[in-house]
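For the sequence shown, this note's numbering assigns the number 25 to the initial residue and increments by one for each residue that follows. Data block below; observations after.
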Amino acid sequence: MFFAQNIKFLRKRKGRTQDEVAIALDMKRPTLSGYENGIAEPPMSVLLAFSDYYKISVDTLIRVDLSRLTESQLWQLEHGHDPFVRGTNLRVLATTVNVDNEENIELVNEKAKAGYATGFADPDFVSVLPTFRLPFLSKNKKYRTFQISGDSMLPIPPGAYVTGEFVQNWQTIRSRYPYIILTLSDGIVFKVVENRIDIDGTLRLFSLNPAYEPFDVDIKDVREVWKFVNYMTEQFPEPLATTDAIYGTVNEIRNDVKAIRNKLEI
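Structure below.
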């Protein structure tokens with residue numbers, strides 16, 4: 025149990041004295057000190073009081089060592105969002121390193137995508153993914169590459185390999201920037217993101233292809249966020265249309281519209 029160290033950690037994190045917390049919880053300071061030092065066992069009523077005071081679930085206060093969480097994870101807990109912690113299930117990024125103890129770039133290809141949705145936190149699953157390195161990327165950051173499917177992000181073609189940088193603090197997600205998002209309901213999605221965490225606790229996801237409508241994802245449904253870095257593809261890009269070709273297409277459309285109007289007027 026981590027209750028004693030957690031309530032002490034939270035009190036100091038918020039810059040409060042034992043007297044301040046004791047008054048707020050309607051208890052004597054020595055009683056609070058006894059709870060913080062693990063001398064006294066709190067009854068359920070006291071557990072609920074601390075849970076309400078710090079706005080963190082009783083289960084988390086008891087079972088999770090809050091001092092090990094990142095600032096991003098703590099912020100999400102304190103604001104009612106719980107994407108990483110469910111009771112004893114602490115979300116830790118599974119990763120691999122090379123013989124020089126440098127971070128690999130794991131490759132999640134089309135075949136591995138379905139398994140990744142459930143095995144992303146399993147070191148055994150991640151350890152068997154293909155790995156490689158890109159020498160122009162920083163050695164001090166964590167990257168992973170995902171193969172995308174579908175045409176929602178055209179002109180990036182289906183089958184392209186998109187590399188992302190791991191985002192620990194979701195508050196740093198930049199609006200109108202592309203990210204790879206792992207969600208519980210949709211699996212791996214590659215989209216342009218609007219950060220609405222402070223507004224309504226969601227990320228709004230947009231496609232580059234205008235045929236696809238944007239949609240919102242609740243932050244509680246998100247499991248990983250990777251900031252777009254680059255992409256690789258075997259497909260050669262289509263040549264840009266010349267000005268004459270564009271004018272020709274526009275004239276054809278105009279003629280078609282004119283013909284349709286003439287038929288309607290007959």
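Every residue, glycine too, gets a C-beta built ideally from N, C-alpha and C. The model shown is predicted, which means the values in this text are computed figures rather than measured ones.
Its chain contains T120, N122, N128, I129, E130, L131 as the residues whose beta carbon lies nearer than 8 angstroms to that of T155, once the 5 sequence neighbours on both sides are disregarded; these appear in chain order. Annotation for T226: R220, D240, V241, D242, I243 place their beta carbon closer than 8 angstroms to its own, counting only its chain and skipping 5 residues before and after.
Residues E189 of the same chain have their beta carbon placed closer than 6 angstroms to that of K165, with the five preceding and five following residues left out of the count.
Beyond the five residues adjoining it in sequence on each side, L208 comes within less than 7 angstroms, by CB distance, of D245, R247 in the same chain, given in chain order. The shortest CA-to-CA distance from V186 to any of S173, V150, Q195 is the one to S173.
Boundaries of the beta strand (DSSP E) harbouring F214: 211-220, taken from the DSSP string. Per DSSP, E130 lies in no alpha helix (DSSP H); the unbroken beta strand (DSSP E) holding it starts and ends at 129-132. Taking each of A141, Y59, K251, D224 in turn and checking the Cα distance to I197, the smallest one comes out for K251. Beta-bridge pairing by DSSP links V249 to I205. Contact annotation, K38 with A46: C-beta distance approximately 14 angstroms; criterion of less than 8 angstroms not satisfied. The residues Q42, in chain order, have a CB closer than 7 angstroms to that of S57 in the same chain once the five nearest residues on each side in sequence are set aside. Scanning the region 142-175 for uninterrupted beta strand (DSSP E) segments of 3 residues or longer gives 167-171, listed from N- to C-terminal end. Residue range 226-230 is occupied by the beta strand (DSSP E) that includes R228. Cβ-Cβ distances below 7 angstroms link Y140 to V132, I212 in the same chain, with the five nearest sequence neighbours on each side left out; the list follows chain order.
When rounded, the separation of the alpha-carbon atoms in S91 and W99 is 13 angstroms. DSSP, read as helix, strand or coil, puts G39 in coil. Linking S69 to R35 through their CA atoms gives a straight-line distance of about 19 angstroms. Every alpha helix (DSSP H) stretch that sits fully inside the region 41-91 and reaches 4 residues is listed by chain position as 42-48, 53-60, 68-78, 82-87. Cβ-Cβ distances below 8 angstroms link N125 to nothing in the same chain once the five nearest sequence neighbours on each side are left out. Comparing alpha-carbon positions, the option among P54, V249, V216 lying closest to P234 turns out to be V216. Just measuring C-alpha positions, the residue of A118, Y236, V152, F33 sitting nearest S176 is Y236.
Under a 10 Å Cβ-count criterion, S162 is classified as exposed, with fewer than 16 other Cβ atoms of the shown protein chains found around its own Cβ.
In this structure, A145 lies near A118, with their beta-carbon atoms less than 9 angstroms apart. In this model, G183 and P238 are separated by some 22 angstroms (Cα to Cα).
Residue pairing by DSSP puts Y185 in a beta bridge opposite Q171, M256. DSSP, reduced to helix, strand and coil, places D124 outside both helices and strands of the structure shown, so it counts as coil. A Cβ-Cβ separation of about 6 angstroms places E102 in contact with K79 under the 8 angstroms criterion.
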